[in-house]
Structures are given as structure tokens and as C-alpha cells.
Amino acid sequence: MAQNRGGRSRSRSKEPTHIWSGFWCGLVIAIGVILWNFLRLPLMPFIWLGILVGGTTATYPTPARKTDPIDPKKLNVYYRWKDMFAGLKPYSRPERDDEFDENPETFADLMSKSDWLAIHRVSWWVGWFVGLYASRGCGLWTIPFNMVFGFMSAMGVIHWRDRLVDRRHIYQGVSVFAFLQKGKASQKAIAITSSTVLLVILGACAYLGFVDIPTMVSLPPLLFLLLATKFDKRKQTAYWRELVKAQRMLDGWVKSDDLAKTWGGAYVTQVKKVGHRNNPMHVMRVRLQDQYDAPRSNEKVLKAGVEPLRSSATSSGYNFIALLAAKTIKENGWQFDPSLVRIVYGKDESCIPDITKKNVGTNIAQLVADIAYDYCAQNEWHKRPPLVQVIDAAADGEENAAWLMLLHNPPNGGALITQLGLEWLANPFSPADIIKMPIFSDLENSFMLAAQPETKLNDKGNKYRPAGLTQSRSFDRYIELSRRFKHDQKAWQDIVGSKLNLPVCNYDEERIVETSEGWTLSFMPEMLTAPDRTSDFMRYDLSSLDPSKDFVGLIEENGITSLVMADNAPLRIDRLTGSRPEYRRYAQALIYKALMDVMPSRAEVVIDSCQQMGKDTAIWRIGFHLGRGGTVADVRRKSANISAAVGSERVYWDWQSADRATVWLCSNPYLGTDPDSVAHWKIRAAQKELIQLALSDAWGVAGVQDGSGKTPTVESLGVLPNNKEVLLAKFQIPGGLDLDKPQYNIGKFLTEANYPYGRIIQAYGTEFSMVLAKRSPFPTSVMADWNAAKKCDRRKFPIGVDDLGNPVYWDTKTTPHLLITGKSGSGKSSASQIVIAEAMLKGEDIILIDPSKGCIDFTQWAKPKALAFVGLYQLRETEAVISWAREEMAERVRINNKYGVGNIFELDPDDVEEADRSHLKPLNILFDEFNSYLQETGKTTQNPQKDMQIANDNAAVSATNASIARTMSALSKIIVQGRTAGIRCIFGAQRLTMDDMKKYNGNAFFRSLGRVLLGMDSPAGVVSAQNLSEANRTQKSLKNEDGLIPVGRGIYEGMQGTLMAVQTWYSGGQDELARLVANIPNPEPIDYQQYMPRAAEQFTKLDVEDIKEIFTSNNGSENIEDEDVEEEEW
1 MAQNRGGRSR
11 SRSKEPTHIW
21 SGFWCGLVIA
31 IGVILWNFLR
41 LPLMPFIWLG
51 ILVGGTTATY
61 PTPARKTDPI
71 DPKKLNVYYR
81 WKDMFAGLKP
91 YSRPERDDEF
101 DENPETFADL
111 MSKSDWLAIH
121 RVSWWVGWFV
131 GLYASRGCGL
141 WTIPFNMVFG
151 FMSAMGVIHW
161 RDRLVDRRHI
171 YQGVSVFAFL
181 QKGKASQKAI
191 AITSSTVLLV
201 ILGACAYLGF
211 VDIPTMVSLP
221 PLLFLLLATK
231 FDKRKQTAYW
241 RELVKAQRML
251 DGWVKSDDLA
261 KTWGGAYVTQ
271 VKKVGHRNNP
281 MHVMRVRLQD
291 QYDAPRSNEK
301 VLKAGVEPLR
311 SSATSSGYNF
321 IALLAAKTIK
331 ENGWQFDPSL
341 VRIVYGKDES
351 CIPDITKKNV
361 GTNIAQLVAD
371 IAYDYCAQNE
381 WHKRPPLVQV
391 IDAAADGEEN
401 AAWLMLLHNP
411 PNGGALITQL
421 GLEWLANPFS
431 PADIIKMPIF
441 SDLENSFMLA
451 AQPETKLNDK
461 GNKYRPAGLT
471 QSRSFDRYIE
481 LSRRFKHDQK
491 AWQDIVGSKL
501 NLPVCNYDEE
511 RIVETSEGWT
521 LSFMPEMLTA
531 PDRTSDFMRY
541 DLSSLDPSKD
551 FVGLIEENGI
561 TSLVMADNAP
571 LRIDRLTGSR
581 PEYRRYAQAL
591 IYKALMDVMP
601 SRAEVVIDSC
611 QQMGKDTAIW
621 RIGFHLGRGG
631 TVADVRRKSA
641 NISAAVGSER
651 VYWDWQSADR
661 ATVWLCSNPY
671 LGTDPDSVAH
681 WKIRAAQKEL
691 IQLALSDAWG
701 VAGVQDGSGK
711 TPTVESLGVL
721 PNNKEVLLAK
731 FQIPGGLDLD
741 KPQYNIGKFL
751 TEANYPYGRI
761 IQAYGTEFSM
771 VLAKRSPFPT
781 SVMADWNAAK
791 KCDRRKFPIG
801 VDDLGNPVYW
811 DTKTTPHLLI
821 TGKSGSGKSS
831 ASQIVIAEAM
841 LKGEDIILID
851 PSKGCIDFTQ
861 WAKPKALAFV
871 GLYQLRETEA
881 VISWAREEMA
891 ERVRINNKYG
901 VGNIFELDPD
911 DVEEADRSHL
921 KPLNILFDEF
931 NSYLQETGKT
941 TQNPQKDMQI
951 ANDNAAVSAT
961 NASIARTMSA
971 LSKIIVQGRT
981 AGIRCIFGAQ
991 RLTMDDMKKY
1001 NGNAFFRSLG
1011 RVLLGMDSPA
1021 GVVSAQNLSE
1031 ANRTQKSLKN
1041 EDGLIPVGRG
1051 IYEGMQGTLM
1061 AVQTWYSGGQ
1071 DELARLVANI
1081 PNPEPIDYQQ
1091 YMPRAAEQFT
1101 KLDVEDIKEI
1111 FTSNNGSENI
1121 EDEDVEEEEW
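Numbering (the UniProt record's numbering), first residue to last: 1 to 1130.
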């Protein structure tokens, strides 16, 4: 600013007196008005002349004494006239000395800023039209003079008015062109329409002689200019008003003496609002100037920091404020501007814009990044923050932002670039807190990247990335690998610490394979630093390299170490059935890890070969040798650990030397000779090799070995002639071992050898032979051979076949009664149908009883052929029929005694009397769902209140209990004596054990039964105790490949304790059975009404004696001897 341009005396005691410039100006204008009014001379030249005289005569105010301040009013008056005077000139040179101007402005520069060329402004046009209007009533020759001098006079006034509010921020006026281009359509229509209407009206008046031409021409444009100013002034001057407001606010903040020294001459060059409209962040760009308006250094301001301004900003309602340096772009790139600073302020930190979306633009992102690093610098490091150059690195189409940030350190006081990339990002006041995105520092700290990891990037960052890491030209790929490299290096560091050199990944050679099973396998070459070896790293848990992976390990091939990772892949080698290279490499990694885990310290494993010998199943043969003092014996002792680690149920060893061996790993080696097993092998000879190893090894695990550990060896292998799926193996037992030892340990051997079925068929000397099968040799289903049943001995009932296909008989001579048990769906009903159908074919009588389910498997075909049929809920009928059978048995015993025979089958019908012949036919009683029948017993309920319903229920329970007790008593007699009388009982039950019979003193009852156990139900309690172990082993051998026992297959134990496996015949269903017995005549049903027990008593009125009788009857029924119960009730 110009200061005290006029000289003054230091001894002056009062201000000098000058004639007021306004007087001279007014005098000239008054003369002009008089001449215009009387002589019709041009008026505007006199106004221009008055402004010229006023500006010329204006003097700078001088106080009486040097120490006195200048009167502001007088100073404003002085500037008013000088500004108007300056506006009269086409251009105005700034009031400063050129020696302080680093870049003096040329004439062209000055003219470009002149108001005279501001044709877009309303004020530019006002002068012309005011001059035209002033020519009304004058001659035409006055129009040019009035218009020209009116324009110049307007320029003087406007020059003053533009500087009236703030001389540092000149008012720019209202642009006509901006109004026409960007104004509201309605406002433009009003302005244009109003002016046009006025022009038409004035044109008509001029035509009629009421107004002159200057009036008609000047007033419509002036109306348009007035309306344009009215409509658009607020909008067009909004930024200027914000700028002035910011300048005044800054002046208020720094008016204190302390801040005035630092901030004196602060000039707001730019102000901007960013962020949300309701909570904006303000950015003030300030240039520091000296008294001559020359730029001065901002070092003191930046060194003092933002704290001196904080209290003033808070009092203004801004709780957030930051002081930032500013940049300038020169030919050699970004530089810190030495005189500019930025003040950023807002209500609170929530005003900082969110830059996580791409559409915010790089300018706002750059500003927020500067704030973020300033936040970190001020709160943690107390260093000068860097300036951030932001580049939009997000790929096209991405909605999320990715900002590549180049950091420019200040000339002094800044942090090292390595600190910016490491410590600054890790401290509690990280820039990421403000940016709200993770910040990634380049490997060489060349740049920072603020972006979510999943955001795709463009290639703009390629020019800033360092060489190395990858040959890919994709910047997105480079960042992805850079992130991985940092993560991998940290992971390796956490694993091995400083004991080993960190491996370096070769990402360009990484191979990722997606298998058809949905597995993902990756193989990453790792560069190791000598003397480190692959085995050194395998001694660590590598899973932390990527915890999301199912497996992480290493392999070494041809001297190259590779990191193997698997996702969704099995950790069991028995599921690796493919023969592709990636399967082999993954299997090798699993095996290598398992072997290294069991090796002694410092010993190492080198895998020489890894082969998949199965076609579609996992059978792996691995050749390896050991180093650094490791032996095969060390590994062999940990065979169980290896098996568990790789998920292989079978481990077979082929020792070749102390430090070299071949190991076979599999879960199902398919050692059977059946076509299905052979089909799983690539090479048949390899299967035979493994069979011999497996069988010999299995005897060792089973405990059949001598003191030196030698086991039986395989002398020969073959298959049975009549069954190619059954293997015949001949063994040589080591000397000193008894042949009974293999027989005693055969169960363990079969389990270890994984042969579900096997038995020793021949043994002599030191050799024994075995039959082995990979699956049960039983047929899945066998249809009943009714012709064979008809031809069979009358007392033998073929019920199925054994493992060699030979018939299995229920021999009623030795086992007169039969229990058929098994869970639902095991084939129990079909086996019962076979027995009853064969009895009918033999011409024998049958009785069918099932009060629980109504004999539903016999109703369609056997019911009409039965002497009696007891159906659903017929408990009294059950007792009556069994009682009839007991009496029939007694009659037959009498006949035996009469004719002096021990068995009814010894009598010839021709040799007996006519009355006795009807008792000679064998009788078969089928009691189905026998266990459900026994469960019909119940307990009575106490009835102290003499409730009628409870009393009746108790009576029914007591009657049922007594009936079952009597029935069981009669059955016990039939079971014990029925064989000689030709009466057989066939019981069907889902499960019936000795414990179920104890309540009825049924031990002898149960032991007199032959037992068929079908399905997978436990043999415990069903078969005899001496056969339980063998029954369990046999039952396991009956399972098919799916682990289930087929329908109709089970165990048969005769009364003498013989145990065998059986596949029962399938009856074909009720329709087939109905056709089979269609020609058998229906017998005359028996009359058992005389044996019917009385029904439960129903009470209508109770007394004490009635209740006592009910409970006495019920409680006594369980303890009365069977015979006594019968006599008492009957």
C-alpha cells in the first residue's frame, strides 16, 4: 500500500487545510448542468471533467503529528477520488514500486485487467446508455460526446465502487453474458420480455412524438441491465463475498500484536467450501506479504503452527482447524510455495470430506491427504508434514476410490521417506484414520496407495513403480504382488525369526490350479539363500503363511524349492486319486511334511520318486532316502504318526537299505483279485507286489512274529477256481512258531490286512493256507428254491446259503424251535415266510399268532391255510390258542406212550388207530413280534379315591398281565416237550435276549431255541456267550462295500452252539407265496373257545373289597407258579 506520499513537517501542530475535492467536482458539474439545461450542451463531458478535477485535487491526509493515526474517513475520501481518477484512464498501474515486483506486468497484461475492456459487465454498458439518455432534448451531435464521456465517467465511478468494500479483493461486478448463459430461464424471460415491451411502448410514443429517440433507445437496455443485476447479482458475487468474509475473519484472528508480527500482511487469495453443504470444510489460501505487497517467507508461520490460531477459530465456531503448506508447480516439478499457506477449518472433524469414492476427484482427495499427514505430523512426530500429490489410480468403472499418493517432503523439518512409509502408517495417529482407507507403502517407498485391497487399479502408477518383483505391466498386478510380498516376508519373519534367511517368492512363476473337484492348488517357487535347505524350513509350522489355507508345505524338485498351498483340498492322501502333475506334487508335499515331522533333529528327507499306482483310487508309492544321519528304522517306528498325518489307513514298508526305502500309502489298496479290485490298478504286477508286502506285514501287526520280528511270508498267491474274487494264499511260518498262533490271531490279521472275510482252510508243518476275500462272498440276494425244499428231509428246513453257496438248514431234529430276530428291514419277515411256506409244502399244519401287528406278512396267503389265526389286539385269543396247543402236545405225548415210541415222527399213520391219526401231523406255531407281545404287560395305578375309570383300567392291566403269564407258562412247556410231539415254535422278534425272558423264568426256554440274527444288531444277549466273540467277527465280515449288511444276511446258531453265517432265501413276497400255496387245501380251523380266559371285569360301583381284590389279583399273578395260575383261572 502507498503510505504518506506527500511530505509533511515534523513541527506541524495541526493538519494542513485544503480545499475539498468534492467542491471542485461539484462546481464543474453544476456549470455543466446549467449549460446543458439552457444551451443543450452535452452534460457527460462536464461530469467526467468534475471527476478529473476532484481526483487531481485530492491530497493524502496528513495528521498533525507523526505519531497520530490517519483519520480513516479522510483516508476513504482520498481513496474515493483517487480511485475514480484512476478509473478514467484506460489502464491503472498498481500503486507499488517495480523494484519489489519480481514479474513486472506488461502493457498487454495491464490492459487485460482494465475495466475499459470488461465488456461483459453490466457497468460497462450502463455508461454508454446513460450518456445516450443524457442526450435527450439535445441535438444529435451531442450523442457521441455524451456516450463516450458517460462511459468514461462510469468507468471512474465503477473503479471506485469495486474497491469500496475491500481494496484487496476488487469487486468484479455482474456479467451480462453469464446471466444470459447460466441464469434461470424464467428470470431471463422476464428481463428480455420487459425490455422488449418497454421498447415497443417507447417506440409507439416516439412515433407519436411523445418521446425522443435517445429515450426510446436507452431506457429498454437500462431496464434489462437493471433486471439482470437484480436477478443474478447474489449468485455471481457469492464467491467475492466469501473471499471478503474470509479476509475479514482472518484479519480478526491475527489482529493481536503477537500474531500481527507473524501474520502481518496476510492476504487471502482463494477461499473454497468442500464437502457436505450442511457441514462444509473451508479452505483458505493465504499469501504472506510485506508492507510493499511483496511476498515474504512462510517459515515463521509454519513453524509456529496452527495452535496460535486455534482459540480465535474456536471463538468463531470452528473447532477444527489445520495449517498446511501450499504447493507451486515449476518446470522441475512440485515445490513448496515459500509464501503461501492454507488454512483449513470447519465445525469439527466431521466436516472432512469422505474420499473413499472415486467421484470426489483428485483435488479434494489431495486436500484430505494433506490434512491426514498433517494430523499425523502434529500429533505424533512433530515434524513438518509432506505435501501429497494425488493421482486417480482406480480403474475405469470402479466406484470405490484408489489414490496413488506421491509425498513431497518440505525443504527442512520433514521426516525421512522411510519413516513416512513405515512408522507413520503404523502409529496411533495414522493418516489412514483421516483418509478412511488402508494405506499401502510401496516396497521402496516410491509412493503410497490409499485403496481397499479389492479395488481394481489402472496403469497410471506404472511410471512411479520401481523395477523388479514382477515382469507384468499391470499396475494392479504389481500392487497385488507388493501386498503379498510384504505379507509373506512378515509371515516368514514371524516363523523363522533370525535363524534362517527369508525366502523370496518368484510370483511370476506361481502356478494355481483349479481341479474339477473344486480344489485350489498353488505352487510358488521360493529362492533360498545358502546354506539354508528346504528341510530347515520344514521344521517350522508354516500354516501361518496363510491361515485361510487348508495346507501349507514345501517340496523340492530338481533343486528348486516350491511353496505348496491347498484350499478346499483334502488333507488325506487317500482322496488324491488323480494322476495329473499337480496331484502328484500336492501328494509329495503332504508326504514330505509327514516324514519330516517324525525325523530326528537335523536329519533330512529327500524324496526320489512319488507315483500314483491306482487308476481311480489313491495308492501312492514313494521312494526316498535320508541324510544327515537319518535311518529308515527311525521313520519306521513312527509309522502310525505318518499314517495319521497323511490320512492313510495303510502304510506298507519295503526296506532297501539303512537309509533308503519305499513306502506305500493308501486307505483301500484293493488287494482283492476280483475284476473290480484289479481294475483300480494301473499295473497288475504292482498290485501283486503290494499284496505280498501287505499280508506279511499284517501278520506282524497281529503279533505273529518271532523274536527277531520275522513274520510269515507269502509263498504263493492265487484265486479259487470257482470264485475269482477269493484269494488263496500260502504262507511259510517262521521256525519256532506254533500253527495255532495264526488261528488265534486271525481276527487281528484280517483287520490289519483289510480283508473283511477270511479263514484258514489248511495247515500242516510250517505252512498254512488261507482263503481271503475283499468283500463278503455271499450273494446279495438268493431266491427261495421251493423244489429243493420239497425234496429235502421232512425234518430239515433249508433257510438260505452259506459263504460257499451250500444250503443252510434249520434241522428240527437237533433244534426243534427257532427264533428269527432282526431290526426292521433286515429280512426277518421274509425268513419267517420261508419257514412257514416250507412247512405248508411239507403238508404240515400252521398256527399264526401276532396280537401286536396282526401278522400282516401272512394275511394274504397263509391265513386261510392256518388252523388258527390270532390277529391284532387279540390277547385273550393268544392265550386260548397256546393253551389249546399245550393240550394238543399233551395228547401227542399220550399217543407216544400208548404206542411205545419216543417221537411222533416214528409212528406210521397206518399203524395207529383212526382217532389218533389226526394228531400225527407236525404243527408249526409262528408267534410274530414276540417281543412286542411281552411288552404288553403293565402296572396298576393306586386308586385311593375309588375312581371308577382307574379301577376299570387296573382291572384290564391285571387281566393282561395274568394272561401273558399263563401264556408264557404254556409256551415254556411246549418248548421243553414239543420236539417229541412234533410241535415247533417259530418266534419272530426285532430283538429278544435272555434278559427279556428272566421275568418268566425263561432261561431254559431261551436256550432251547435256535437263533437267526439278521442285520447289524448286536449279537450280545442273542447268541451264546461262548460264541459271542466269533459272532462279532463274523458279523463284521458280512458287510458289503457300503459298510452295511444286506437284507436277509446274518448269523445262525443252532441249539448245540454251532455258529455259521447265512444268506437267507428271499420268499418273493405275499403274491408269489399265494401262488405257491394256492393248491394246498384249507384245513378245518380248531375250536379254542373253551380255552378263552374271562374278560377283564368292569365295575360300576366300587367298594374296598373290590379294590383289594384287583390289586391282590394283579400282584399275585407274577408270583404264582405257571401251573397254579392255569388251574386257578380255569
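Ideal placement from N, C-alpha and C gives every residue a C-beta, glycine not left out.
Please read all numbers here as calculations on a predicted model, not as lab measurements.
Exercise for review: Measure the CB-CB distance between alanine 686 and alanine 753 and report whether it falls below 9 Å.
Suggested key: Not a contact, by the Cβ cut-off of 9 Å.
Exercise for review: Excluding the 5 residues preceding and the 5 following residue 1132 in the sequence, name in chain order all residues of the same chain whose CB lies nearer than 6 Å to its CB.
Suggested key: Here the chain covers residues 1 to 1130 and nothing more, so residue 1132 does not appear.
Check your understanding: Residues in its own chain within less than 7 Å of aspartate 290 by CB, not counting five upstream and five downstream?
Key -> Within the same chain, aspartate 290 has close Cβ partners Gly265 and Arg296.
Review point. In chain order, which continuous runs of the alpha helix (DSSP H) of length 4 or greater are located wholly inside the stretch 954-1036?
Key: Runs found: 994-997 and 1003-1007.
Practice item. Find out if the Cβ-Cβ distance for the pair alanine 325, asparagine 298 is shorter than 9 Å. Key: Result yes, Cβ atoms of alanine 325 and asparagine 298 sit closer than 9 Å.
Review point. Are tryptophan 620 and serine 648 close, meaning C-beta to C-beta below 9 Å?
Key: Less than 9 Å divides the Cβ of tryptophan 620 from the Cβ of serine 648.
Practice item. Please classify histidine 282: is it buried, with 16 or more other beta-carbons within 10 angstroms of its beta-carbon, or exposed? Key: Buried: at least 16 other Cβ atoms inside 10 Å.
**Study point:** Identity of the residue in Ser769, Gly735, Pro69 and Tyr755 nearest serine 776 by Cα
**Key:** Closest in alpha carbon position to serine 776, among Ser769, Gly735, Pro69 and Tyr755, is Tyr755.
Review point. DSSP state of phenylalanine 749, grouped into three classes?
Key: Taken through DSSP and simplified to helix, strand or coil, phenylalanine 749 comes out as helix.
Exercise for review: Can you tell me the Cβ-Cβ gap for proline 600 and aspartate 567, rounded? I've got them flagged as a contact below 8 Å.
Suggested key: With a Cβ gap of about 32 Å, proline 600 and aspartate 567 do not count as contacting.
Point to revise | Under the three-state DSSP convention, the category histidine 382 falls into | key: Histidine 382: coil per DSSP, three-state reduction.
Point to revise | Assigned exposure category for glycine 54 - 16 Cβ within 10 Å defines buried | key: Classification for glycine 54: buried.
Check your understanding: What did DSSP end up calling lysine 741 once you bin it into helix, strand or coil?
Key -> Per DSSP, reduced to three states, the secondary structure at lysine 741 is helical.
Practice item. Return the chain-ordered list of same chain residues with a C-beta closer than 8 Å to the C-beta of alanine 885, the five sequence neighbours on each side being excluded. Key: The residues are Ile847, Leu923, Ile925, Ala970, Ile974 and Ile983.
Exercise for review: May I ask you to report which of helix, strand or coil DSSP gives glycine 800?
Suggested key: Under the three-state reduction of DSSP output, glycine 800 falls in the strand class.
Exercise for review: Helix, strand or coil for tryptophan 20, going by three-state DSSP, please let me know.
Suggested key: Three-state DSSP puts tryptophan 20 in coil, outside helix and strand.
Review point. Whose C-alpha, out of Glu767, Ile761 and Asp1017, is nearest the C-alpha of proline 734?
Key: The option with the nearest alpha carbon to proline 734 is Glu767.
Review point. Tell me which same chain residues have a C-beta within less than 7 Å of the C-beta of glutamate 556, skipping the five on either side of it?
Key: Around glutamate 556: Thr534.
Practice item. Determine, using beta carbons only, whether phenylalanine 320 and aspartate 337 come nearer to each other than 9 Å. Key: No, these two residues do not count as a Cβ contact at 9 Å.
**Study point:** 6 Å Cβ shell around proline 42 - same chain, five flanking residues per side excluded
**Key:** If you ignore the 5 residues before and after proline 42, its C-beta comes within less than 6 Å of the C-beta of Thr142, Phe145 and Asn146, all in its own chain and listed in chain order.
**Study point:** Local conformation of serine 441 per DSSP, three classes
**Key:** If DSSP states are grouped into helix, strand and coil, serine 441 belongs with the strands.
Point to revise | Which of helix, strand or coil DSSP assigns to phenylalanine 927 | key: Reduced to three states, the DSSP call for phenylalanine 927 is strand.
**Study point:** Other residues of its chain near tryptophan 20: CB distance less than 7 Å, five sequence neighbours each side excluded
**Key:** Excluding positions up to five away in sequence, the list is empty.
Check your understanding: Using the beta-carbon count (16 or more within 10 Å), is lysine 358 buried or exposed?
Key -> Lysine 358 counts as buried, since at least 16 other C-beta atoms from the protein chains shown sit within 10 angstroms of its C-beta.
Point to revise | Residues bridged to isoleucine 201 (per DSSP) | key: Its beta-bridge partners do not exist; DSSP assigns none.
Review point. Do isoleucine 560 and proline 503 come within 9 Å of each other at the CB atom, strictly closer than that value?
Key: Proline 503 places its beta carbon 9 Å or farther from that of isoleucine 560.
Review point. Would the beta-carbon of leucine 872 fall within 9 Å of that of isoleucine 1086?
Key: No, they are not a contact pair.
Exercise for review: Output the distance between the C-alpha atoms of residue 1137 and serine 522, rounded to the nearest integer angstrom.
Suggested key: Absent from the model: residue 1137. The displayed extent of the chain is 1 to 1130, so no value can be given.
**Study point:** One or two residues paired with histidine 282 in a DSSP bridge
**Key:** Beta-bridge pairing links histidine 282 to Lys273 and Tyr345.
Review point. Roughly how many whole angstroms lie between the Cα atoms of threonine 941 and threonine 814?
Key: In this structure, the straight-line span from the alpha carbon of threonine 941 to that of threonine 814 is close to 45 Å.
Practice item. Specify whether the stretch 122-130 and the stretch 149-157 touch according to this definition: at least 3 beta carbon pairs, one from each stretch, less than 8 Å apart. Key: Contact between the stretch 122-130 and the stretch 149-157 is present, because at least three Cβ pairs lie under 8 Å.
Check your understanding: Comparing alpha-carbon positions, which option in Leu626, Arg511 and Gln588 lies nearest alanine 603?
Key -> It is Leu626.
Review point. Buried or exposed: where does alanine 965 fall if 16 or more other Cβ atoms within 10 Å of its Cβ makes it buried?
Key: Within 10 angstroms of the beta-carbon of alanine 965 lie 16 or more other beta-carbons, which makes it buried.
Review point. Shortest alpha-carbon distance to serine 315 belongs to which of Trp253, Asp911, Asp258 and Ser498?
Key: If we check each option's Cα against that of serine 315, Trp253 comes out closest.
Check your understanding: If you draw a straight line from the alpha carbon of valine 1125 to that of glutamine 977, how long is it in whole angstroms?
Key -> Unreliable placement is indicated for valine 1125, whose pLDDT of 31 sits below 50; no coordinate value is reported for it.
Review point. Between serine 932 and alanine 880, is the Cβ-Cβ spacing less than 9 Å?
Key: Not in contact: serine 932 and alanine 880 (Cβ atoms no closer than 9 Å).
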